[in-house]
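Sequence positions in the sequence shown follow this note's numbering and run 58 to 559.
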Amino acid sequence: MKMNQKSYQSTRSNALTAQPAQAVLQGIAPDGGLYTLPDFQQSDIRYEDLLKMDMLPMAAEILRCLLPDFSREEMLALVQAAYTGKFETDDLTPAVPVGEDTVLELFRGPTSAFKDVALSLLPHLMRASAKKCGVEDEILILTATSGDTGKAALKGFCDVPGTRIIVFYPENGVSAVQKAQMLTQEGKNVCVCAVRGNFDDAQTGVKQIFSQVRQQDLLQGHAIRLSSANSINIGRLAPQVVYYFTAYKEMLESGRIALGDKVDYCVPTGNFGDILAGFIARQMGLPVGRLICASNANNVLTDFLRTGCYDRRRTFHLTISPSMDILVSSNLERLLYLLSGDAELVKGLMEQLNREGHYQVPDALLAQIKEVFWADYCDDSQTRAAIGQVWREHHYLCDTHTAVAWHVAQQYKAAHPDHAPVVVLSTASPYKFPEAVLAAIGIQQEGDGFAAIHQLEAATDVPVPANLRGLDQKPVLHRDVIDRDKMLEYVLEKAVKPQWNA
């Protein structure tokens, strides 16, 4: 960013630095922290100039600013390879007026989830980073998923030379469609494994594997290095910044706003990466007003953003918005560093969270957070009500996660009559959660979840995405289920196995 600050660093130590390509390859810092620039404010391009660009050149320019190891030409080539012909719409993430608000449709990619925006690019970015760093080792991607990251990562890395990927998901914590998407994934370099536990168990397990493998050199001599496709990896997070700019551009071109007007963004949030991307866009100069954090019944983020106390010691709820069933939000760590600039503080807070299950930020830091963020939550009954209301009043069909954001956006507007125009981020197709959506619009389900897909299409005339059609007819290729304390053993066994799914 003018970027005179080209080195990324750990959120837990100013001394642990990496060039952008190295940060992408490593995924997570050696001390367990997350890689970040000290700030994202010193961009060498004005947001007004970005808004004049077409979609792919704009994406390339934003990503070049965030990952300055890459030239304009290199990044444009990566972006074109990642996105051309892969999405349902040419603009990738269309912004659709719904009532007085705007819904940003992030689910038009190859797996019908917002993760496609980043995970279509990450494999290309990772291979280019390996080449730039002179790395010839095989890259083993470890990923924990609460539903959508898994399939998007599997699709993105499928049969990419020099890579293999293991996806862990909570055995009973994803929808039937999400599970089928993962378990039917073809590819000789892909592996899917259920974990007996929740998403936090899987995510914590992956982080511990990184730490143990690196500290004990457990893969020494095997020419294998670990990386991640979760948003703990800056290469996964950076592409998500782009659609905040594209949403603003579409609203500007349609006359919904004037140049320089602020826009509020409401984000259904579990792991905090999607909303953090909006904060980075704000630091890069985009006129972002409030970032509205929408949680489901697992409302640990709502409580934190209101009080400054993060406390994961609470009941874990399985909800109809399962991708948000998370109590440990990894990317919040980056926000704490970006606002405080204090790596020692962040390190201490993360250690306390790991040791005691809670922490409290200083009052001054909480005040900074509240200047930008607002938060509320939505339980399952409110989620169903929002889906039904939006369908009846606007004839717009939204999934269970988008409905959480819609409900919270209305609460925010009621509390702030002088609000800016609001963009609601829509993170998944309604057909990924057909049973819940069908019930919410008042139709009695007949048959299983896959029958509900056809029933929902017949009732609404909203087309089923091509990648979900016929999913129940595909053979199950992945059947592994393990206890959470067996994840390291599982990875080490898989890592040295010469061939998967031959």
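The beta carbon of each residue, even a glycine, is placed where N, CA and C say it ideally should be. All figures in this text were calculated on a predicted structure; none of them were measured in a lab.
Does residue 61 come out as helix, strand or coil in the three-state DSSP assignment? Note that residue 61 scores a pLDDT of 41, beneath 50, so its modelled location is shaky; the value from the coordinates is reported in the next line. Reduced to three states, the DSSP call for residue 61 is coil.
Count the other CB atoms within 10 Å of the CB of residue 296; is the residue buried (16 or more) or exposed (fewer)? buried
Should the stretch 113-122 be called in touch with the stretch 396-407, which here means at least 3 C-beta pairs below 8 Å? no
Candidates 522, 325, 345, of which the one nearest residue 379 by Cα: 325
Near residue 84, which residues of its chain fall below 6 Å by C-beta distance, leaving aside the five closest residues on each side in sequence? 284, 285, 290
Residue 59 classed as buried or exposed, judged by whether at least 16 other C-beta atoms fall within 10 angstroms: For residue 59, the predicted model reports a pLDDT of 41, less than 50, meaning its position is unreliable and no value from the coordinates is stated.
What are the boundary residues of the alpha helix (DSSP H) that residue 476 is part of? Residue 476 -> no alpha helix (DSSP H), and no H or E assigned at all.
When the distance is taken between beta carbons, is residue 425 closer than 8 Å to residue 97? No.
Contact between the stretch 346-356 and the stretch 141-157 is defined here as three or more beta-carbon pairs at a separation below 8 Å; is this criterion met? Short answer: they don't touch.
Which value, in whole angstroms, describes the spacing of the CA atoms of residue 451 and residue 225? 38 Å
In three-state DSSP terms, what is residue 302? helix
Looking at the unbroken beta strand (DSSP E) that takes in residue 417, where does it start and where does it end? Where residue 417 is concerned, the enclosing beta strand (DSSP E) starts and stops at 415-417.
With distances taken between CB atoms, is the gap from residue 197 to residue 263 smaller than 8 Å? No. Outside cutoff.
Just how far apart, CA to CA, sit residue 492 and residue 506? 6 Å
Residue 71 by DSSP, collapsed to three states: which one? strand
Go through its chain and collect everything with a Cβ distance to residue 393's Cβ below 8 Å, but skip five positions before and after it. 68, 402, 403, 406, 418, 422
Rounded separation between residue 466 and residue 473 - CA only: 10 Å
Which value, in whole angstroms, describes the spacing of the CA atoms of residue 250 and residue 475? When rounded, the distance between both Cα atoms is 48 Å.
Hey, residue 534 and residue 157: beta-carbon distance below 8 Å or not? no
Contacting residues, own chain, Cβ-Cβ under 7 Å from residue 213 (five flanking each side not counted): 176, 177, 179, 180
Return helix, strand or coil for residue 195, following the three-state DSSP convention. Residue 195 falls in the strand class under three-state DSSP.
Can you tell which of 122, 163, 216, 554 has its C-alpha closest to the C-alpha of residue 337? 122
Can you grab the Cα-Cα spacing for the pair residue 541 / residue 252, in whole Å? 6 Å
Three-state secondary structure assigned by DSSP to residue 315: coil
Report the option in 255, 218, 437, 300 whose CA atom is closest to the CA atom of residue 204. 255
Excluding the 5 residues flanking residue 174 on each side, which residues of the same chain have their C-beta closer than 8 Å to its C-beta? 149, 150, 163, 166, 296, 297, 299, 300
What span of residues does the alpha helix (DSSP H) with residue 365 cover, start to end? Premise fails: residue 365 is in no alpha helix (DSSP H) and is neither H nor E.
Nearest to residue 70 by CA position, among 88, 553, 272, is which residue? It is 88.
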